[in-house]
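According to this note's numbering, the stretch in the sequence shown is residues 1 to 352, in order.
Built from N, CA and C at the ideal position, the CB exists for glycine as well.
None of the values given here were measured: they were computed from a predicted structure.
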Amino acid sequence: MLTSCWEEHVSLRPYNTFGLEVRARYFARFASLDELRELLTRPETQAGPRLILGGGSNLLLTRDFGGVVLKNEIKELTISVENTAAHTARLRAGAGESWHGLVEFALENELSGLENLSLIPGTVGAAPLQNIGAYGAELRDTFVRLEAVEISSGALRVFDKEACGFGYRESVFKGPLKNQFVVTTVEFDLHRAGAGQRANVGYGALRDTLTELGYSPDAPSPRQVSEAVVRVRRSKLPDPAEIGNAGSFFKNPEIPAAQFAELKARFPNLPGYPAPSGGVKVPAGWLIEQAGFKGQRRGAGAGTHGVHERQALVLVNHGGATGAELWALAEEIIRVVGEQFGVKLQAEVNVL
Ligand code: FAD
Ligand code: EPU
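Here it is, written out as structure tokens:
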């Protein structure tokens with residue numbers, strides 16, 4: 001049964017939101033721990049390289065992949081433990097569930113805590129990899145633990161929040177444990193809606209959008225916050241179904257306070273947000289826009305790829321671009337922003 005799922009020379013175009021035409025030497029799906037373990041023992045998988053694939057919404061594939069792509073389709077959505085004293089419930093999700101599906105499931109069950117992360121593309125299993133974040137919230141705010149299978153041994157290991165080493169768009173799975181584990185389930189502690197938990201609406205655009213929607217910005221329900229987040233996101237970010245992209249291509253860089261002061265003297269409009277470390281977080285979108293890249297197109301004809309016209313942090317495939325061409329544009333942006341501002345941009349997207 002499993003062997004029939006094993007495919008060769010498979011196009012990854014439907015499996016990456018940039019819509020890049022790249023082939024995988026081997027491709028297989030798994031929907032359970034047993035299926036995953038069986039795939040991991042195959043000689044082709046052990047020989048490597050391996051790519052664990054979720055929704056492909058944070059990937060730039062620059063060439064054909066000579067190894068094994070394993071697509072995670074483990075499904076589960078359960079509310080397992082109620083803590084009545086703390087008004088919380090434990091939500092357990094299979095890594096192959098859609099992230100937004102999980103947010104919807106929480107809202108339907110009157111659980112709050114994930115609503116600010118509405119509409120982020122991709123799977124539950126990839127979400128801890130970069131500690132997904134948006135509109136004043138991050139995965140780590142409600143995360144409790146995850147289970148992951150070690151690729152070399154097939155052993156199941158539990159990682160609590162501390163063991164995951166979460167940071168801004170970071171975790172141990174992108175750092176020291178990169179490519180060593182397959183996340184199979186993730187658990188969250190969420191609040192029972194209406195049990196006194198305050199909505200997280202500190203992010204400027206959210207309050208305004210709640211008001212526009214006719215809701216109170218002071219005490220919105222989790223569903224109303226979700227609606228506002230969805231509306232803001234749709235107004236700012238291109239839909240991968242219409243135009244290939246992977247969200248923010250770069251991280252927002254954090255620079256020392258002294259460097260920020262020096263830049264601010266040269267560029268009085270430069271925005272900056274104090275970071276817990278004492279440095280200042282600067283929006284990469286601003287730097288890229290000032291460097292003149294916003295809306296630029298590259299490639300044949302009217303342009304096959306470029307920088308989105310409404311959001312300079314998003315690189316886009318207008319159709320027909322290769323991953324290598326997109327990466328060449330990313331490198332040019334890194335170079336020019338470095339020369340103009342002395343700030344080194346780092347890719348957020350996983351480049352293969
Ligand atoms: P994939 O792209 O399939 O994989 C990403 C990485 O995780 C790869 O290295 C892959 O090997 C690894 N991986 C995937 N699944 C597993 C697993 N089960 N175990 C181990 N490793 C795994 N991100 C944000 O943080 N905030 C945003 O607001 C946001 N907005 C976005 C908007 C758009 C329009 C798009 C296209 C992307 C956006 N993203 C955002 C980025 C992206 O949605 C997230 O990073 C998401 O978590 C990626 O999920 P995925 O399943 O598509 O991962
Ligand atoms: N800006 C510009 N020009 C642009 C884009 C942005 O000047 O073209 C400046 C503006 O000053 C704006 C500021 O950048 O106020 C911030 O822009 P925005 O609110 O759109 O957020 P962002 O920094 O571009 C980050 C995350 C997003 C997340 C949003 C909302 C990163 C790398 N990106 O984007 O996450 O959805 O905030 O919280 O941290 C992703 O990770 O893929 C992603 C989309």
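What separation, rounded to the nearest whole angstrom, lies between the Cα atoms of residue i and residue j?
i      : j      : result
PHE260 : ALA330 : 23 Å
SER4   : PRO43  : In this prediction, SER4 has a pLDDT of 46, which is less than 50 and means its spatial position is unreliable; nothing more can be read from the coordinates.
LYS251 : ARG298 : 22 Å
TYR168 : TYR203 : 17 Å
ASP34  : ALA199 : 40 Å
GLN224 : GLY96  : 27 Å
GLU309 : LEU111 : 37 Å
GLU76  : GLY165 : 25 Å
LEU156 : LYS294 : 45 Å
GLY278 : GLU289 : 26 Å
PRO14  : PHE159 : 31 Å
ALA324 : ALA347 : 14 Å
HIS87  : ALA193 : 9 Å
HIS354 : VAL351 : Absent from the structure is residue 354, since the part of the chain shown begins at 1 and ends at 352.
PRO128 : LEU91  : 15 Å
ASP332 : GLU187 : In the sequence on display, residue 332 carries Glu and not Asp. One C-alpha to the other measures close to 40 Å.
THR185 : LEU237 : 28 Å
GLU108 : PHE341 : 46 Å
ALA228 : ARG29  : 35 Å
PRO217 : SER80  : 32 Å
THR213 : GLU73  : Contrary to the premise, residue 213 reads as Leu rather than Thr in this sequence. Answer to the nearest angstrom: the Cα atoms are 36 Å apart.
PHE65  : ASN269 : 43 Å
TYR215 : PRO271 : 29 Å
VAL307 : ARG207 : 28 Å
GLY136 : LEU287 : 21 Å
ALA258 : ILE132 : 29 Å
SER57  : PRO240 : 9 Å
VAL314 : TRP99  : 20 Å
LEU263 : VAL172 : 32 Å
Taking only heavy atoms of the ligand EPU into account, decide whether any of them is closer than 6 Å to the Cβ of residue i.
i      : result
ALA312 : yes
TRP99  : no
ASN317 : no
GLU289 : yes
SER248 : yes
ALA134 : yes
PRO283 : yes
GLU348 : yes
PRO271 : yes
LEU264 : In the sequence as displayed, the identity of residue 264 is Lys instead of Leu. No - the ligand EPU has no heavy atom lying nearer than 6 Å to the Cβ of LYS264.
LYS344 : no
ASN131 : no
LYS161 : no
ASN252 : yes
LYS236 : yes
For residue i, which three-state DSSP category applies?
i      : result
ASN179 : coil
MET1   : Any reading at MET1 must be qualified, since the residue scores a pLDDT of 49, below 50, and its modelled position is unreliable; no value is offered.
THR185 : strand
GLU150 : strand
GLY101 : helix
ILE52  : strand
PHE341 : helix
ARG407 : Here the chain covers residues 1 to 352 and nothing more, so residue 407 does not appear.
SER80  : strand
LEU156 : strand
PHE260 : helix
SER226 : helix
GLY323 : helix
THR123 : strand
ARG298 : strand
THR41  : helix
ALA275 : coil
ASN116 : helix
SER11  : strand
LEU61  : coil
If contacts are defined as beta-carbon pairs under 8 Å, then residue i and residue j qualify, I think. What distance do you get, rounded to the angstrom?
i      : j      : result
LEU190 : ALA89  : 6 Å
THR17  : ALA246 : 6 Å
LYS161 : PHE181 : So it is not a contact: roughly 16 Å between Cβ atoms.
GLU254 : LYS281 : 5 Å
SER226 : VAL103 : 7 Å
GLY285 : ALA312 : 4 Å
VAL149 : ARG50  : Between ARG50 and VAL149 the Cβ distance is about 12 Å, and since that is not below 8 Å, they are no contact.
LEU20  : ASN317 : 7 Å
ALA321 : HIS305 : 4 Å
Compute every distance between the C-beta of residue i and the non-hydrogen atoms of the ligand FAD, then say whether any falls below 6 Å.
i      : result
ASN109 : no
GLN180 : no
THR123 : yes
VAL183 : yes
Give a yes or no on whether 7 Å exceeds the smallest Cβ distance from residue i to chain C.
i      : result
ALA291 : Reference to chain C is not applicable here, since this structure consists of a single protein chain.
| said: In chain order, what are the residue ranges of uninterrupted alpha helix (DSSP H) at least 4 long that sit wholly in the stretch 194–219? | reply: For the stretch 194–219, the continuous alpha helix (DSSP H) assignments of 4+ residues that do not extend past its boundaries occur at 204–212, in sequence order.
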